[in-house]
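Residue numbers (the numbering used here): 2 to 83. Even glycine gets a Cβ: it sits at the ideal position worked out from N, Cα and C. Just so you know, these numbers come straight off a predicted model, no measurement behind them. The structure under discussion appears below in the form of structure tokens.
See below:
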């Protein structure tokens, strides 16, 4: 059986650029709890394009560096024996 997995790297990006959850939440216009839930995820959470844009733009502003969707997500393709 094969499966695909999309890894979510928000936690790593926040740590790398020293971005606090409260600051990201404020910049995105969402609750601290919403950012906490996004940060905890190892696989890409179910979010819409608008939220993904907000995350990228907020991280760019707070880190003062370019952050793209490809920095946030990583596509893995793996074979698993049944």
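Where residue 66 falls: helix, strand or coil (DSSP): Locating residue 66 in the chain shown gives position 65, where the first residue counts as 1. Look at residue 66 here: in three-state DSSP terms it is coil, with no helix or strand label.
Residue 54 versus 74, 38, 43, residue with shortest Cα-Cα distance: Looking up residue 54 in the chain shown gives position 53. Of the listed residues, the one whose Cα sits closest to residue 54 is 74.
Inter-residue spacing [alpha-carbon to alpha-carbon] between residue 72 and residue 32: Translated into positions along the chain shown, residue 72 becomes position 71. Translated into positions along the chain shown, residue 32 becomes position 31. Annotation: residue 72 to residue 32 spans about 23 Å, alpha carbon to alpha carbon.
Contacts around residue 70, its chain only, beta-carbon distance under 7 Å, and the 5 residues preceding and following it disregarded: If you number the chain shown from 1, residue 70 lands on position 69. Only 53, 57 meet the Cβ criterion.
Inter-residue spacing [alpha-carbon to alpha-carbon] between residue 12 and residue 28: What you label residue 12 is simply residue 11 of the chain shown in a count that begins at 1. What you label residue 28 is simply residue 27 of the chain shown in a count that begins at 1. Going from the Cα of residue 12 to the Cα of residue 28 covers about 16 Å.
Cβ-Cβ distance between residue 42 and residue 9 below 8 Å: Mapped onto the chain shown, residue 42 falls at position 41. Mapped onto the chain shown, residue 9 falls at position 8. Residue 9 is positioned such that its CB atom lies closer than 8 Å to that of residue 42.
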